[in-house]
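Only one structure is covered here, and it is reproduced in the block below.
Number of protein chains: 2
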Amino acid sequence: MSDKLIQSVERAADILELFSLTESELSVKEISERLGLSKSTVHGLIKTLEHRGYLEQRLSDQKYKLGLRLFQLGNLVGGGMELRKVAYPIIQELVEKLHETVHMVVSDKDEVVYVEKLEGLGSLRMYSMVGKRAPMYCTGVGKAMLAFFEESAIERILQEVKFQKFTPYTLDTPDEIKQELRKIREQGYAIDDEEIEIGLKCVAAPIFNHEGTVVASISCAGPKHRFSDEKTAIVIQEVRSAGLEVSRKLGYRV
Amino acid sequence: MSDKLIQSVERAADILELFSLTESELSVKEISERLGLSKSTVHGLIKTLEHRGYLEQRLSDQKYKLGLRLFQLGNLVGGGMELRKVAYPIIQELVEKLHETVHMVVSDKDEVVYVEKLEGLGSLRMYSMVGKRAPMYCTGVGKAMLAFFEESAIERILQEVKFQKFTPYTLDTPDEIKQELRKIREQGYAIDDEEIEIGLKCVAAPIFNHEGTVVASISCAGPKHRFSDEKTAIVIQEVRSAGLEVSRKLGYRV
DNA sequence: CTTTTCGTTCGATAATGTCGAACGCCATTC
DNA sequence: GAATGGCGTTCGACATTATCGAACGAAAAG
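Sequence lines, in order, name chains A and B.
For the first sequence, the residue numbers in my numbering are 34 to 287.
For the second sequence, the residue numbers in my numbering are 34 to 287.
What follows is the structure, encoded as structure tokens:
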């Protein structure tokens, strides 16, 4: 059937997506329990993924982890991104100027995915990591993209997303967020002031392609106590400038 | 059956592995022809992979490319590698000292996979790229690992590998290669002198773990004309030293 | 305007993937 | 040391799925 997906491929994807940074090794039993599948089913799927290099088994305790084939394919994705090639020197400059961590993200459904991260000196440990996802409605980088989506896409995303209050400052109602997005469109940048994480402040700007479509955003983030009003003004200017520079290199014309 | 793999999962993997840096977009028809599968079969597999984020379809011409989910999982693999965390500052030092490109690889069956690459100033464009695979028998990094494998593993790999002469200097018979591996074990480093690519020279050293098992290798590579006898001696010393430093940080004791 | 090509859908059916039972090995407990 | 328990692995029956050829529709090509 045309609307039907292939069950075994979905199950294989389920298995791969069980792994995370905090849970990098899993046994057959654990996978079977988490997915509600019988051990022999899981065993067949795992042996196939292992055979193709997507999983690796440690012989000492027979636990599985993600394999090098994913590393290879993941790097193909990253290495093929024109955006990253174009943006990287601009990101390096920004880090040198501002001495904070710079991120770049792209959107994927109702989330953003970090595609670049360069840490400045004195960086603190942060939630973000290249490859990781984050919500769109309450991160600087996410809001900087969302604000410039088409109205219909914004409506759909705000309907589908499951709002979660990460801190007391997290905006989590569609009306609040829409108001915020209007403001971002007016001023040309977004700010995450302790919405995703207490103590963390982030300034972000959208990146457009040659068609004027927002395809990414760039940000500068750091501990809130380092962001005086004066420094924040400088960061806003530099981040907006960087966003425009990357956009221009992608063919964007104001 | 226990030795049976799951066909649909293998076919999905086949599709993902059709993509490369030079061929980053494919149509349903192309995939169908390359794999010898009917278009409706390919369509079902592709729609499943797309739905899960492993493939993305460009709407303008309906071609497919690898999706962000692979980027995410690939970064999970890379981000979880203790080896990379431990080695990175040492690699940076090496680049600063030698002003050439430094690589690090791990092994995967009868090949090596580049897990780190840091380019020095004045680097030339090279075959290598993080995530990419290379043969073990005729690269510096590959030989630096192979030489320190167990005898049975060396035998097996030299039997299974399909030898290919990349340049007139490529060693491509088991006897020649074994002789070379003996020499590498004696001197503690490997050299690729235009075996994989004309004009390219590379010096590599093994990296051992706490059990004394070779788990990676590190190398310095550059255009052959920059490698005078004097400079080569310096590079050998620095690369061996770096290999040992990474090994020690992994718990290796001579 | 006609023809060709390709992506997509549909449904029959051959083939597969699923899973419960059983086994073997190893660790744990007594 | 023996018994028990847990988990990974194997096997085979069978219910269900994945496969693919035919057909369709849209867009491109001639």
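Even glycine gets a Cβ: it sits at the ideal position worked out from N, Cα and C.
This structure is a prediction, so every number in the text was calculated from the model and none was measured.
How is residue i classed by DSSP in three states: helix, strand or coil?
i      : result
A/Y147 : strand
B/P122 : helix
B/Q90  : strand
B/K234 : strand
B/P207 : helix
B/I229 : coil
A/S53  : coil
B/M34  : The predicted model places B/M34 with a pLDDT of 43, which falls under 50 and marks its position as unreliable; any figure quoted below should be read in that light. B/M34: coil per DSSP, three-state reduction.
B/I162 : Checking the sequence, you will find Met at residue 162 of chain B rather than Ile. Coil.
B/V174 : helix
A/S261 : coil
A/R85  : coil
B/R286 : coil
B/A186 : helix
B/S65  : helix
A/S73  : helix
A/G276 : helix
A/L116 : helix
B/E129 : helix
A/E152 : coil
B/A180 : coil
A/E244 : coil
Can you name the start and end residues of the beta strand (DSSP E) that residue i belongs to?
i      : result
A/P168 : 166 to 168
A/P256 : 247 to 256
B/S140 : 134 to 141
Between which two residues does the alpha helix (DSSP H) harbouring residue i extend?
i      : result
B/F19  : In the structure displayed, chain B extends from 34 to 287; residue 19 of chain B sits before or after that span and is not available.
A/A223 : First-last for A/A223: 223 to 226, but that is the beta strand (DSSP E), not the alpha helix (DSSP H).
A/D47  : 40 to 49
A/T200 : Neither: A/T200 is in no alpha helix (DSSP H) and is coded neither H nor E.
Just to confirm before moving on: does the CB-CB distance between residue i and residue j stay below 7 Å?
i      : j      : result
B/L151 : B/V128 : yes
B/N242 : B/L277 : no
A/A238 : A/L116 : no
A/R273 : A/Y222 : yes
A/D208 : A/M169 : no
A/R44  : A/L78  : yes
B/M137 : B/I217 : no
A/I135 : A/C253 : Here residue 135 of chain A turns out to be Val, not Ile, going by the sequence shown. Yes, the pair counts as a contact, with Cβ atoms nearer than the cut-off.
A/I240 : A/V279 : yes
B/G111 : A/F104 : yes
B/G255 : B/E133 : yes
B/F260 : B/K234 : yes
A/V247 : A/M162 : no
B/S57  : A/G113 : yes
B/V236 : B/L131 : no
A/L51  : A/R67  : yes
A/A167 : A/V145 : yes
B/S41  : A/I39  : yes
B/L59  : B/Y121 : no
A/G232 : A/K257 : yes
Less than 8 Å between the CB atoms is what I'm expecting for residue i and residue j, so what's the real figure, rounded?
i      : j      : result
A/L88  : A/L106 : Not confirmed; about 13 Å, so no contact.
B/E227 : B/L204 : About 11 Å separates the two Cβ atoms, so there is no contact after all.
A/L82  : A/I48  : 7 Å
B/H76  : B/V61  : 6 Å
B/K176 : B/Y147 : Contact doesn't hold; Cβ gap of about 15 Å is too wide.
B/L214 : A/D141 : Actually they do not touch by this definition, with Cβ atoms about 46 Å apart.
A/T172 : A/D225 : 5 Å
B/Y285 : B/E230 : So it is not a contact: roughly 31 Å between Cβ atoms.
Bridge partners of residue i, per DSSP?
i      : result
A/Y97  : A/L59, A/Q90
A/P239 : A/S250
At a cut-off of 6 Å, would you count residue i as near the ligand SAH, judging by its Cβ distance to the nearest heavy atom?
i     : result
B/Y97 : Absent from the structure shown: the ligand SAH. Ligands present: none.
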